[in-house]
Each structure stands twice: as C-alpha cells, then as structure tokens.
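Enquirer: Quick one: the structure is below, questions incoming.
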Amino acid sequence: GFAYYQGAKEADAYSQALVKTGNAAGTSASEMAGMARSMDAAWGVTQGAAAEALAAIAATGQVGSASLRQFAQTAIDMEKTTGQSIGDTAKIFTELGRDPVAASAKLNQSLNYLSAATYAQIKAAQDLGDTEKAASLAQDAYSKAMDGRTQNLVQNLGYIERAWGGLKNAAKETWDAMAGVGRDKDV
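For the record, in the sequence shown the residue sitting at position 135 is 153 according to this note's numbering, with numbers rising by one throughout.
Next comes the structure, spelled out in structure tokens:
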C-alpha cells in the first residue's frame, strides 16, 4: 500500500525536478535513481532519503550532475546531525548558485567557513563574468565545510546517542526496503 506509493513517488520527484528546471542538472531520472541506490549503501542513508535530497538539489536548477550526489549527501548529513532540513540546505545551494559572492559573504557571517583565499577566488571568478565557476566554487566550499562539521558532530556523539541513531537507522532501512517494492527499477 503506502510503502509502494512512497517508492513510486521517487521517480515522479526526479522527473518533476528535471522538467521544471529544463534539466539544468544535466542528468536523467534513471541516473538519479542509480545515485540514490548507491547512496543507500552508505551508513544511515536510505534510498528514500537519498531520493528526496537528490530531487531537492536538482530542483534548485543551480547544480550540475557532477556535484548532485555530493550536495545531496551534504543535505542529508546536515539534516541528520543538525536538524537543518534538506529543503533549507537546497535553498542555500540555490542562493550560492544565483549570487555566489553576496550569498557566500552573508553565509560566512554566521557560519565562518570560508577562508579569505577561497572567497577571493569566488569573487575573482564572478568579477571576470564567470558566474558558473564562481557558483561552483561557492557551493563546493560550503559543501566541504559542512561535511567536515557534520563528521565532527558525529564523532563527538556519546554512546547512547550513537545507539539511538543506530536504532532509528534500522527502522528507516526497514521502511525503505518496503518502499522498494514501488520503485521502478528502470526509472
């Protein structure tokens, strides 16, 4: 019933994200489904969560296929460790893609993640009219910084928090396996 429906919804989300953005990500629903399956192999990442993140990041229209999986993983990790929703992380990638210099400066005020050299690279690329390169640099810097921070948070968890996380992940994987019935293997 419902698990089948959830699995089938993933293919629709991929297609909608690609169609709405004119396939700015430069990929296909089938490739996104393959990315989600490969992300499912990672600890604590269900195929359903991977599908949600991939669709959200692709729907920004600001991320190419080369970075799609990495940024989706960042969004999942941020949600798991800090509670920041996948949608909120996707919005950050959107802002960094649209106006790399201004968004980087604003985000850096609260997160203090950019080195002066990285910011200078982003600004230089945008000043030269290469907004795509500036966006890529800005998004990649944010992703790498947040990946490092989420890893630090996980490493600093206590025994009980890790055990609880393991139980939650086991329950999510069970549900994800049931949703697999509704997934089109050839999306």
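We treat Cβ as the ideally placed atom computed from N, Cα and C, and that holds for glycine.
Skipping 5 residues on each side, what residues in its chain have a beta carbon closer than 6 Å to that of residue 95?
Expert: 168
Enquirer: Below 8 Å, how does it come out for the segment 98-109 and the segment 120-127: are there three or more Cβ pairs, yes or no?
Expert: no
Enquirer: Count the other C-beta atoms from every protein chain shown that fall within 10 angstroms of the C-beta of residue 115, then say buried if there are 16 or more, exposed otherwise.
Expert: buried
Enquirer: Measure the alpha-carbon distance for residue 71 versus residue 41 and round it to whole angstroms.
Expert: Taking the straight line from one Cα to the other gives about 16 Å.
Enquirer: Count the other CB atoms, across all protein chains shown, that sit within 10 Å of the CB of residue 37; report buried if there are 16 or more and exposed otherwise.
Expert: Burial check for residue 37: the Cβ neighbour count within 10 Å stays below 16, so the residue is exposed.
Enquirer: Within 10 Å of its beta-carbon, does residue 74 have 16 or more other beta-carbons around it, so buried, or fewer, so exposed?
Expert: buried
Enquirer: Quick check on residue 43: buried or exposed, where buried means 16 or more other Cβ atoms within 10 Å of its Cβ?
Expert: buried
Enquirer: Between residue 35 and residue 76, how many whole angstroms is the CB-CB distance? I'm expecting something under 8 Å.
Expert: Going by Cβ atoms, the distance from residue 35 to residue 76 rounds to 4 Å, so yes, they are a contact pair.
Enquirer: To the nearest whole angstrom, what separates the beta carbons of residue 85 and residue 45, a pair I think is in contact under 8 Å?
Expert: So it is not a contact: roughly 11 Å between Cβ atoms.
Enquirer: Leaving out five residues on either side along the sequence, give the residues of the same chain with a beta carbon under 7 Å from the beta carbon of residue 97.
Expert: 103 and 104
Enquirer: Use the C-beta contact count for residue 101: other C-beta atoms within 10 angstroms, 16 or more gives buried, fewer gives exposed.
Expert: exposed
Enquirer: Please go through the same chain and pick out, in chain order, the residues whose beta-carbon is closer than 7 Å to the beta-carbon of residue 140, but skip the five residues on each side of it.
Expert: 118, 119, 122, 152, 155 and 156
Enquirer: Write down every uninterrupted run of the beta strand (DSSP E) in the segment 43-94 whose length is 3 residues or greater and which is fully enclosed by it, in chain order.
Expert: none
Enquirer: On the DSSP letters alone, give me the boundaries of the alpha helix (DSSP H) that residue 129 sits inside.
Expert: 118-129
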